[in-house]
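Heads up, the thing below is written out as C-alpha coordinates.
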Amino acid sequence: MATTNHNTPNLECRMYEAKYPEVDMAVMIQVKNIADMGAYVSLLEYNNIEGMILFSELSRRRIRSVSSLIKVGRQEPVMVLRVDREKGYIDLSKRRVSEEDIQACEERYNKSKLVHSIMRHVAETMGLDLEDLYIHVGWPLYRQYIHAFEAFKLIVTDPDSVLDKLTREVKEVGPDGQEVTKVVPAMTPEVKDALVKNIRRRMTPQPLKIRADIEMKCFQFDGVLHIKEAMKKAEATGNEDCPVKIKLVAPPLYVLTTQTLDKEQGISVLSNAIKACTEAIESHKGKLLVKEAPRAVSERDDKLLAEHMAKLRSANEEVDGDEGSEEEEDTGMGEIDVENSGNLAD
(Lines of atoms letter the chains of each structure in order from A; the text may use other names.)
(Lines give C-alpha, C1' and ligand atoms only; values in the text may rest on other atoms or scores of the structure.)
Protein backbone atom coordinates (compact mmCIF):
# COMPACT_ATOMS: atom_id res chain seq x y z
CA MET A 1 0.00 0.00 0.00
CA ALA A 2 1.43 3.36 -1.00
CA THR A 3 2.71 5.46 1.86
CA THR A 4 2.95 9.21 1.62
CA ASN A 5 6.27 11.03 1.71
CA HIS A 6 7.86 12.10 4.94
CA ASN A 7 5.08 14.54 5.77
CA THR A 8 2.29 13.14 7.94
CA PRO A 9 -0.18 11.00 6.01
CA ASN A 10 -3.75 12.20 5.60
CA LEU A 11 -5.87 10.84 8.47
CA GLU A 12 -9.07 12.70 7.59
CA CYS A 13 -11.71 10.78 5.70
CA ARG A 14 -15.46 10.22 5.64
CA MET A 15 -16.70 6.85 6.88
CA TYR A 16 -18.63 5.82 3.75
CA GLU A 17 -17.91 5.74 0.05
CA ALA A 18 -20.67 8.26 -0.76
CA LYS A 19 -19.44 11.83 -0.25
CA TYR A 20 -22.91 13.01 0.72
CA PRO A 21 -25.83 11.32 2.49
CA GLU A 22 -29.05 10.47 0.64
CA VAL A 23 -32.24 12.47 1.15
CA ASP A 24 -34.59 10.93 3.78
CA MET A 25 -31.70 9.24 5.53
CA ALA A 26 -31.01 9.73 9.25
CA VAL A 27 -27.46 10.92 9.95
CA MET A 28 -25.49 11.60 13.12
CA ILE A 29 -24.62 15.26 13.65
CA GLN A 30 -22.89 17.42 16.21
CA VAL A 31 -24.23 20.92 16.81
CA LYS A 32 -21.54 23.53 16.08
CA ASN A 33 -23.27 26.88 16.62
CA ILE A 34 -26.68 28.53 16.72
CA ALA A 35 -27.30 31.38 14.25
CA ASP A 36 -30.30 33.63 13.45
CA MET A 37 -31.97 31.17 11.08
CA GLY A 38 -31.04 27.86 12.63
CA ALA A 39 -28.23 25.67 13.86
CA TYR A 40 -25.03 24.86 11.99
CA VAL A 41 -23.97 21.26 12.51
CA SER A 42 -21.27 18.90 11.29
CA LEU A 43 -22.11 15.48 9.84
CA LEU A 44 -19.93 13.12 11.86
CA GLU A 45 -20.06 10.24 9.37
CA TYR A 46 -19.13 12.45 6.41
CA ASN A 47 -15.85 13.90 7.66
CA ASN A 48 -17.66 16.73 9.48
CA ILE A 49 -19.05 18.49 6.41
CA GLU A 50 -21.44 21.26 7.38
CA GLY A 51 -25.21 21.07 7.43
CA MET A 52 -27.99 23.29 8.73
CA ILE A 53 -31.16 22.70 10.74
CA LEU A 54 -33.61 25.58 10.25
CA PHE A 55 -35.50 26.54 13.40
CA SER A 56 -38.76 25.54 11.68
CA GLU A 57 -37.37 21.99 11.45
CA LEU A 58 -36.57 21.68 15.15
CA SER A 59 -39.92 20.65 16.53
CA ARG A 60 -43.51 19.86 15.55
CA ARG A 61 -44.73 22.07 18.38
CA ARG A 62 -44.37 25.82 18.77
CA ILE A 63 -40.91 26.61 20.00
CA ARG A 64 -40.76 28.50 23.27
CA SER A 65 -37.03 28.19 23.75
CA VAL A 66 -34.55 27.03 21.14
CA SER A 67 -31.99 26.15 23.80
CA SER A 68 -34.22 23.44 25.23
CA LEU A 69 -34.32 21.73 21.81
CA ILE A 70 -30.76 22.10 20.58
CA LYS A 71 -27.47 22.58 22.39
CA VAL A 72 -24.01 23.27 21.04
CA GLY A 73 -21.83 20.18 21.31
CA ARG A 74 -24.69 17.70 21.43
CA GLN A 75 -24.64 14.68 19.10
CA GLU A 76 -27.91 13.34 17.75
CA PRO A 77 -29.54 11.77 14.68
CA VAL A 78 -31.42 14.07 12.26
CA MET A 79 -33.14 13.58 8.90
CA VAL A 80 -31.63 14.75 5.59
CA LEU A 81 -34.09 17.02 3.71
CA ARG A 82 -32.02 18.40 0.80
CA VAL A 83 -28.51 17.96 -0.54
CA ASP A 84 -27.06 20.47 -2.99
CA ARG A 85 -23.93 18.68 -4.18
CA GLU A 86 -22.63 21.60 -6.24
CA LYS A 87 -22.78 24.18 -3.47
CA GLY A 88 -22.27 21.60 -0.71
CA TYR A 89 -25.41 22.69 1.18
CA ILE A 90 -27.18 20.12 3.31
CA ASP A 91 -30.54 20.90 4.96
CA LEU A 92 -31.53 18.76 7.90
CA SER A 93 -34.56 18.26 10.11
CA LYS A 94 -34.85 17.26 13.73
CA ARG A 95 -38.65 17.12 13.84
CA ARG A 96 -39.05 14.60 11.01
CA VAL A 97 -36.81 11.91 12.44
CA SER A 98 -38.77 9.01 13.95
CA GLU A 99 -37.92 6.89 16.98
CA GLU A 100 -37.04 3.95 14.67
CA ASP A 101 -34.78 6.19 12.52
CA ILE A 102 -33.01 7.42 15.64
CA GLN A 103 -32.36 3.90 16.89
CA ALA A 104 -31.16 2.59 13.51
CA CYS A 105 -28.92 5.64 13.03
CA GLU A 106 -27.35 5.31 16.48
CA GLU A 107 -26.66 1.60 15.94
CA ARG A 108 -25.08 2.22 12.54
CA TYR A 109 -23.05 5.18 13.81
CA ASN A 110 -21.64 3.21 16.76
CA LYS A 111 -20.51 0.44 14.41
CA SER A 112 -19.08 2.91 11.86
CA LYS A 113 -17.27 4.82 14.61
CA LEU A 114 -15.56 1.65 15.82
CA VAL A 115 -14.57 0.68 12.25
CA HIS A 116 -13.30 4.23 11.66
CA SER A 117 -11.24 4.30 14.82
CA ILE A 118 -9.58 0.97 13.92
CA MET A 119 -8.92 2.13 10.33
CA ARG A 120 -7.52 5.47 11.49
CA HIS A 121 -5.22 3.80 14.02
CA VAL A 122 -3.83 1.44 11.38
CA ALA A 123 -3.30 4.33 8.93
CA GLU A 124 -1.56 6.38 11.60
CA THR A 125 0.76 3.65 12.90
CA MET A 126 1.61 2.34 9.42
CA GLY A 127 2.02 5.80 7.86
CA LEU A 128 -0.78 5.34 5.32
CA ASP A 129 -3.29 7.67 3.74
CA LEU A 130 -6.60 6.89 5.48
CA GLU A 131 -8.69 7.49 2.36
CA ASP A 132 -6.46 5.10 0.41
CA LEU A 133 -7.01 2.45 3.10
CA TYR A 134 -10.78 3.02 2.87
CA ILE A 135 -10.76 2.86 -0.96
CA HIS A 136 -8.99 -0.51 -1.05
CA VAL A 137 -10.11 -2.14 2.19
CA GLY A 138 -12.88 -0.36 4.13
CA TRP A 139 -15.36 0.50 1.38
CA PRO A 140 -15.09 -2.84 -0.48
CA LEU A 141 -15.97 -4.49 2.85
CA TYR A 142 -18.96 -2.14 3.27
CA ARG A 143 -20.10 -3.19 -0.23
CA GLN A 144 -19.72 -6.92 0.42
CA TYR A 145 -21.03 -7.10 3.99
CA ILE A 146 -23.54 -4.18 4.10
CA HIS A 147 -21.44 -2.83 6.98
CA ALA A 148 -17.68 -3.21 7.44
CA PHE A 149 -18.37 -3.95 11.12
CA GLU A 150 -19.86 -7.33 10.11
CA ALA A 151 -16.69 -8.11 8.14
CA PHE A 152 -14.52 -7.06 11.10
CA LYS A 153 -16.45 -9.46 13.35
CA LEU A 154 -15.55 -12.33 10.99
CA ILE A 155 -11.92 -11.18 10.82
CA VAL A 156 -11.57 -11.83 14.58
CA THR A 157 -11.67 -15.59 13.92
CA ASP A 158 -10.94 -15.94 10.19
CA PRO A 159 -9.03 -12.99 8.72
CA ASP A 160 -7.82 -14.68 5.51
CA SER A 161 -11.21 -15.61 4.08
CA VAL A 162 -12.34 -11.98 4.39
CA LEU A 163 -9.16 -10.04 3.55
CA ASP A 164 -7.48 -12.21 0.93
CA LYS A 165 -10.29 -11.47 -1.56
CA LEU A 166 -9.38 -7.79 -1.56
CA THR A 167 -7.11 -6.62 -4.38
CA ARG A 168 -5.91 -3.44 -6.01
CA GLU A 169 -4.56 -2.66 -9.46
CA VAL A 170 -1.08 -1.21 -9.87
CA LYS A 171 0.52 0.05 -13.07
CA GLU A 172 4.08 -1.06 -13.79
CA VAL A 173 6.43 -0.46 -16.68
CA GLY A 174 7.44 -3.78 -18.19
CA PRO A 175 10.93 -4.65 -19.57
CA ASP A 176 9.78 -3.52 -23.04
CA GLY A 177 8.91 -0.07 -21.73
CA GLN A 178 5.17 -0.77 -21.99
CA GLU A 179 2.89 0.04 -19.07
CA VAL A 180 1.07 -3.00 -17.70
CA THR A 181 -1.64 -3.27 -15.05
CA LYS A 182 -1.15 -5.89 -12.38
CA VAL A 183 -3.61 -7.08 -9.75
CA VAL A 184 -1.99 -7.33 -6.32
CA PRO A 185 -3.30 -7.86 -2.77
CA ALA A 186 -5.04 -4.76 -1.38
CA MET A 187 -2.48 -4.45 1.42
CA THR A 188 1.01 -5.54 2.27
CA PRO A 189 1.37 -8.42 4.78
CA GLU A 190 2.50 -5.85 7.39
CA VAL A 191 -0.60 -3.69 6.97
CA LYS A 192 -2.86 -6.76 6.98
CA ASP A 193 -1.20 -7.95 10.18
CA ALA A 194 -1.64 -4.54 11.84
CA LEU A 195 -5.32 -4.42 10.81
CA VAL A 196 -6.06 -7.92 12.13
CA LYS A 197 -4.27 -7.20 15.43
CA ASN A 198 -6.23 -3.98 15.91
CA ILE A 199 -9.55 -5.63 15.09
CA ARG A 200 -8.86 -8.48 17.50
CA ARG A 201 -7.86 -6.09 20.25
CA ARG A 202 -10.98 -3.94 19.87
CA MET A 203 -13.59 -6.53 18.91
CA THR A 204 -12.99 -9.69 20.90
CA PRO A 205 -16.16 -9.95 23.02
CA GLN A 206 -15.77 -9.40 26.75
CA PRO A 207 -17.50 -11.79 29.17
CA LEU A 208 -20.53 -10.32 30.93
CA LYS A 209 -21.28 -10.86 34.58
CA ILE A 210 -24.86 -11.94 35.29
CA ARG A 211 -26.18 -11.72 38.84
CA ALA A 212 -29.33 -12.52 40.82
CA ASP A 213 -30.05 -11.74 44.49
CA ILE A 214 -32.19 -14.13 46.57
CA GLU A 215 -33.30 -14.64 50.16
CA MET A 216 -33.31 -18.21 51.44
CA LYS A 217 -34.59 -19.41 54.81
CA CYS A 218 -35.13 -22.83 56.34
CA PHE A 219 -36.25 -23.10 59.96
CA GLN A 220 -36.29 -26.92 60.03
CA PHE A 221 -33.88 -28.87 62.19
CA ASP A 222 -30.63 -28.98 60.16
CA GLY A 223 -31.85 -25.94 58.19
CA VAL A 224 -28.26 -24.85 57.53
CA LEU A 225 -27.47 -28.21 55.92
CA HIS A 226 -30.61 -28.01 53.74
CA ILE A 227 -29.57 -24.53 52.58
CA LYS A 228 -26.06 -25.80 51.71
CA GLU A 229 -27.61 -28.67 49.79
CA ALA A 230 -29.86 -26.25 47.86
CA MET A 231 -26.79 -24.11 47.07
CA LYS A 232 -25.02 -27.18 45.65
CA LYS A 233 -28.08 -27.95 43.49
CA ALA A 234 -27.99 -24.38 42.15
CA GLU A 235 -24.29 -24.59 41.28
CA ALA A 236 -24.82 -27.97 39.60
CA THR A 237 -27.07 -26.34 36.96
CA GLY A 238 -24.14 -24.38 35.54
CA ASN A 239 -22.15 -25.58 32.52
CA GLU A 240 -18.67 -25.00 31.14
CA ASP A 241 -19.66 -21.80 29.30
CA CYS A 242 -21.75 -20.56 32.23
CA PRO A 243 -20.47 -21.78 35.61
CA VAL A 244 -22.86 -20.84 38.45
CA LYS A 245 -21.56 -19.61 41.82
CA ILE A 246 -23.72 -18.88 44.86
CA LYS A 247 -22.41 -16.89 47.82
CA LEU A 248 -23.83 -15.96 51.19
CA VAL A 249 -23.95 -12.18 51.65
CA ALA A 250 -25.48 -12.29 55.13
CA PRO A 251 -28.34 -14.49 56.27
CA PRO A 252 -30.85 -14.69 54.61
CA LEU A 253 -29.28 -13.03 51.54
CA TYR A 254 -27.43 -14.92 48.82
CA VAL A 255 -26.04 -13.82 45.46
CA LEU A 256 -25.88 -16.04 42.36
CA THR A 257 -23.45 -15.12 39.60
CA THR A 258 -22.19 -16.42 36.29
CA GLN A 259 -19.94 -15.10 33.53
CA THR A 260 -20.78 -15.54 29.87
CA LEU A 261 -20.31 -14.08 26.40
CA ASP A 262 -24.00 -14.60 25.69
CA LYS A 263 -26.27 -12.49 27.91
CA GLU A 264 -29.48 -14.42 27.13
CA GLN A 265 -27.80 -17.73 27.92
CA GLY A 266 -26.42 -16.37 31.21
CA ILE A 267 -29.84 -15.13 32.30
CA SER A 268 -31.49 -18.43 31.45
CA VAL A 269 -28.79 -20.46 33.25
CA LEU A 270 -29.23 -18.38 36.43
CA SER A 271 -33.03 -18.67 36.17
CA ASN A 272 -32.65 -22.47 36.07
CA ALA A 273 -30.26 -22.34 39.03
CA ILE A 274 -32.86 -20.40 41.06
CA LYS A 275 -35.49 -22.95 40.06
CA ALA A 276 -33.31 -25.89 41.22
CA CYS A 277 -32.48 -24.07 44.43
CA THR A 278 -36.16 -23.29 45.11
CA GLU A 279 -37.23 -26.91 44.56
CA ALA A 280 -34.47 -28.18 46.86
CA ILE A 281 -35.21 -25.80 49.74
CA GLU A 282 -39.01 -26.11 49.47
CA SER A 283 -38.73 -29.89 49.76
CA HIS A 284 -37.47 -29.19 53.31
CA LYS A 285 -40.22 -26.62 54.02
CA GLY A 286 -37.78 -23.76 53.40
CA LYS A 287 -38.51 -20.58 51.45
CA LEU A 288 -36.74 -18.81 48.59
CA LEU A 289 -37.58 -15.27 47.54
CA VAL A 290 -36.07 -13.59 44.47
CA LYS A 291 -35.03 -10.06 45.49
CA GLU A 292 -33.39 -9.14 42.15
CA ALA A 293 -33.98 -11.24 39.02
CA PRO A 294 -30.96 -12.32 36.92
CA ARG A 295 -29.49 -9.32 35.03
CA ALA A 296 -26.19 -8.16 33.59
CA VAL A 297 -24.19 -6.11 36.09
CA SER A 298 -21.32 -3.69 35.75
CA GLU A 299 -17.98 -3.73 37.54
CA ARG A 300 -19.29 -0.95 39.77
CA ASP A 301 -22.11 -3.18 41.05
CA ASP A 302 -19.55 -5.87 41.74
CA LYS A 303 -17.41 -3.47 43.71
CA LEU A 304 -20.40 -2.25 45.73
CA LEU A 305 -21.30 -5.83 46.61
CA ALA A 306 -17.71 -6.66 47.63
CA GLU A 307 -17.52 -3.52 49.80
CA HIS A 308 -20.88 -4.34 51.34
CA MET A 309 -19.82 -7.91 52.18
CA ALA A 310 -16.59 -6.67 53.73
CA LYS A 311 -18.57 -4.18 55.86
CA LEU A 312 -20.88 -6.96 57.03
CA ARG A 313 -17.98 -9.21 57.90
CA SER A 314 -16.38 -6.57 60.09
CA ALA A 315 -19.77 -5.76 61.68
CA ASN A 316 -20.24 -9.46 62.38
CA GLU A 317 -16.89 -9.70 64.10
CA GLU A 318 -17.83 -6.84 66.44
CA VAL A 319 -21.13 -8.40 67.54
CA ASP A 320 -20.91 -10.88 70.40
CA GLY A 321 -22.45 -14.11 69.15
CA ASP A 322 -25.03 -13.55 66.46
CA GLU A 323 -27.66 -11.61 68.37
CA GLY A 324 -29.56 -8.99 66.45
CA SER A 325 -27.10 -9.08 63.57
CA GLU A 326 -29.54 -10.59 61.07
CA GLU A 327 -31.80 -7.56 61.22
CA GLU A 328 -28.96 -5.11 60.81
CA GLU A 329 -27.51 -6.92 57.85
CA ASP A 330 -30.83 -7.24 56.11
CA THR A 331 -31.47 -3.51 56.05
CA GLY A 332 -27.88 -2.98 54.98
CA MET A 333 -28.48 -4.91 51.80
CA GLY A 334 -31.52 -2.76 51.04
CA GLU A 335 -29.25 0.24 50.61
CA ILE A 336 -27.03 -1.44 48.07
CA ASP A 337 -30.02 -2.36 45.96
CA VAL A 338 -31.08 1.27 45.73
CA GLU A 339 -27.57 2.08 44.54
CA ASN A 340 -27.65 -0.66 41.95
CA SER A 341 -31.01 -0.24 40.38
CA GLY A 342 -30.18 2.92 38.46
CA ASN A 343 -26.98 1.71 36.98
CA LEU A 344 -27.40 -1.80 35.65
CA ALA A 345 -26.09 -2.49 32.20
CA ASP A 346 -28.79 -3.71 29.84
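Under full-length UniProt numbering, the letters of the sequence shown match residues 1 to 346, in that order. Note that the Cβ used here is the ideal one computed from N, Cα and C, for glycine as well.
TODO: Compute the distance between the beta-carbons of I53 and L11, then report whether it is under 9 angstroms.
DONE: Indexing the sequence shown from 1 puts residue 53 at position 53. Indexing the sequence shown from 1 puts residue 11 at position 11. Taking 9 angstroms as the Cβ cut-off, I53 and L11 do not qualify as a contacting pair.
TODO: Output the boundary residues of the alpha helix (DSSP H) element that contains A186.
DONE: Position 186 of the sequence shown, counting from 1, holds the residue named residue 186. Looking at the DSSP string, A186 is not in any alpha helix (DSSP H), and its letter there is neither H nor E.
TODO: Between the Cα of S59 and those of V78, K19, V156, spot the shortest distance and give me the residue it belongs to.
DONE: The residue labelled residue 59 in the question sits at position 59 within the sequence shown. Nearest of V78, K19, V156 to S59, Cα basis: V78.
TODO: Quick one: residues in its chain with C-beta nearer than 7 angstroms to the C-beta of R168, no 5 flanking neighbours on either side, listed in chain order?
DONE: For this step, residue 168 is matched to residue 168 along the sequence shown. Result list for R168: H136, V184, A186, in chain order.
- [ ] Could you name the residues of the same chain whose beta carbon sits closer than 7 angstroms to that of residue 373, not counting the 5 residues immediately before and after it, in chain order?
- [x] The question about residue 373 has no answer here: the residues shown for the chain are numbered 1 through 346.
Open item on the list: For the beta strand (DSSP E) containing V173, name the first residue and the last one.
Closed with: Position 173 of the sequence shown holds residue 173. V173 -> beta strand (DSSP E) spans 167-173.
- [ ] State the CB to CB distance for the pair L208 and T260, rounded to an integer number of angstroms; the pair is presumed to be in contact (CB under 8 angstroms).
- [x] Position 208 of the sequence shown, counted from the first residue, corresponds to residue 208. Position 260 of the sequence shown, counted from the first residue, corresponds to residue 260. Confirmed, about 6 angstroms.
- [ ] Mind listing, in chain order, the continuous beta strand (DSSP E) runs of no fewer than 3 residues lying wholly within the region 200-281?
- [x] 208-217, 245-250, 253-260
Task: Residues that DSSP places opposite K287 in a beta bridge - done: As a first step, residue 287 is located in the sequence shown; it is residue number 287 there, counting from the start. According to DSSP, K287 bridges with K217.
Open item on the list: Restricting to Cα atoms, I'd like to know which of K247, Y142, K111, V173 is closest to A212.
Closed with: Residue 212 sits at position 212 when you count from the first residue of the sequence shown. Considering only alpha carbons, the answer is K247.
Task: Selection from N272, G266, K287, W139 that minimises the alpha carbon distance to R295 - done: Taking the sequence shown and counting its residues from 1, the one referred to as residue 295 is at position 295. With distances taken between Cα atoms, R295 lies closest to G266.
TODO: Could you say which of S298, H226, V27 lies nearest to R82 if we only look at CA atoms?
DONE: Here residue 82 refers to the residue found at position 82 when the sequence shown is read from its first residue. If we check each option's Cα against that of R82, V27 comes out closest.
TODO: Would you identify the three-state DSSP class for V122, choosing helix, strand or coil?
DONE: Counting from 1 along the sequence shown, the entry for residue 122 is found at position 122. It is helical.
- [ ] With distances taken Cα to Cα, identify the nearest neighbour of S112 among G138, K182, H284, K192.
- [x] Position 112 of the sequence shown, counted from the start, is the residue given in the question as residue 112. If we check each option's Cα against that of S112, G138 comes out closest.
TODO: Give every residue of the same chain whose Cβ lies closer than 6 angstroms to the Cβ of R96, excluding the five residues on either side of it in the sequence, and list them in chain order.
DONE: To locate residue 96, count along the sequence shown from 1; it is residue 96. Answer for R96: M79, listed in chain order.
Task: Contact with chain D by M309, beta-carbon distance below 9 angstroms - done: Absent from the structure is chain D; it holds one protein chain and no more.
- [ ] Could you name the residues of the same chain whose beta carbon sits closer than 6 angstroms to that of I49, not counting the 5 residues immediately before and after it, in chain order?
- [x] To locate residue 49, count along the sequence shown from 1; it is residue 49. Closer than 6 angstroms at Cβ, skipping near neighbours: L43.
Task: 6 angstroms CB neighbourhood of H147 in its chain, flanking five on each side removed - done: On the sequence shown, residue 147 is found 147 positions in, with the first residue counted as 1. Counting only Cβ-Cβ distances below 6 angstroms, and skipping sequence neighbours, we find K111.
Open item on the list: Does A18 come out as helix, strand or coil in the three-state DSSP assignment?
Closed with: Against the sequence shown, residue 18 aligns to sequence position 18. Three-state DSSP puts A18 in coil, outside helix and strand.
TODO: Within the same chain, show all residues whose beta-carbon is closer than 8 angstroms to that of P9, passing over the 5 residues directly before and after it, in chain order.
DONE: Translated into the one-based positions of the sequence shown, residue 9 becomes position 9. Answer for P9: T3, A123, E124, G127, L128, D129, L130, listed in chain order.
TODO: Determine the DSSP secondary structure at Q178, reduced to helix, strand or coil.
DONE: By 1-based counting over the sequence shown, the position of residue 178 is 178. DSSP places Q178 in coil when its eight states are reduced to three.
TODO: Taking all protein chains shown into account, decide if P189 is buried (16 or more other Cβ within 10 angstroms of its Cβ) or exposed.
DONE: Taking the sequence shown and counting its residues from 1, the one referred to as residue 189 is at position 189. Under this definition P189 is an exposed residue.
Open item on the list: Along the chain, where does the beta strand (DSSP E) containing E150 start, and where does it finish?
Closed with: Residue numbering aside, residue 150 sits at position 150 when the sequence shown is read from its first letter. No beta strand (DSSP E) contains E150, which is instead part of the alpha helix (DSSP H) from 148-157.
Open item on the list: In this structure, how does DSSP classify I135 when only helix, strand and coil are distinguished?
Closed with: Locating residue 135 in the sequence shown gives position 135, where the first residue counts as 1. DSSP places I135 in helix when its eight states are reduced to three.
TODO: Give the DSSP-derived three-state secondary structure of A293 in the structure shown.
DONE: Counting from one through the sequence shown, the residue named residue 293 turns up at place 293. The answer is strand: DSSP assigns A293 an E or B state.
TODO: Could you check how far apart the C-beta atoms of E256 and A234 are, in whole angstroms? I think they sit under 8 angstroms.
DONE: What you label residue 256 is simply residue 256 of the sequence shown in a count that begins at 1. What you label residue 234 is simply residue 234 of the sequence shown in a count that begins at 1. For the record, residue 256 in the displayed sequence is Leu; it is not Glu. L256 to A234, Cβ: 6 angstroms. Contact.
- [ ] Please state if the CB of V115 and the CB of K71 are separated by a distance shorter than 9 angstroms.
- [x] Within the sequence shown, the letter at position 71 stands for residue 71. Within the sequence shown, the letter at position 115 stands for residue 115. For K71 and V115, no; Cβs fall outside 9 angstroms.
Task: Residue span of the beta strand (DSSP E) that contains V41, given as start and end - done: Here residue 41 corresponds to residue number 41 of the sequence shown, with the count starting at 1. Note, V41: beta strand (DSSP E), 38-43.
Task: I214 versus E240, R74, I274, K182, residue with shortest Cα-Cα distance - done: Mapped onto the sequence shown, residue 214 falls at position 214. If we check each option's Cα against that of I214, I274 comes out closest.
TODO: Please determine, among D222, I210, H226, the residue with the shortest C-alpha to C-alpha distance to G238.
DONE: Along the sequence shown, one-based indexing puts residue 238 at 238. Comparing Cα-Cα distances from G238 to each of D222, I210, H226, the minimum goes to I210.
Open item on the list: Check for me: the beta strand (DSSP E) holding A310 runs from which residue to which?
Closed with: Translated into the one-based positions of the sequence shown, residue 310 becomes position 310. Not the beta strand (DSSP E): A310 falls in the alpha helix (DSSP H), residues 299-318.
Task: Between the CA atoms of L253 and V290 - distance to the nearest angstrom - done: Along the sequence shown, read from residue 1 onward, the residue named residue 290 stands at position 290. Along the sequence shown, read from residue 1 onward, the residue named residue 253 stands at position 253. Approximately 10 angstroms, taken between the alpha carbons.
Task: Helix, strand or coil at D164 according to DSSP, with G and I counted as helix - done: For the purposes of this step, residue 164 is taken as residue 164 along the sequence shown, with counting starting at 1. Here D164 sits in coil by DSSP.
- [ ] Report the option in I29, M37, V66, G88 whose CA atom is closest to the CA atom of R74.
- [x] Taking the first residue of the sequence shown as 1, we reach residue 74 at position 74. Per the Cα distances, I29.
- [ ] Kindly list the residues whose CB is nearer than 6 angstroms to the CB of R14, restricted to its own chain and excluding five residues on each side of it in sequence; keep chain order.
- [x] Locating residue 14 in the sequence shown gives position 14, where the first residue counts as 1. Here the set comprises Y46, N47.
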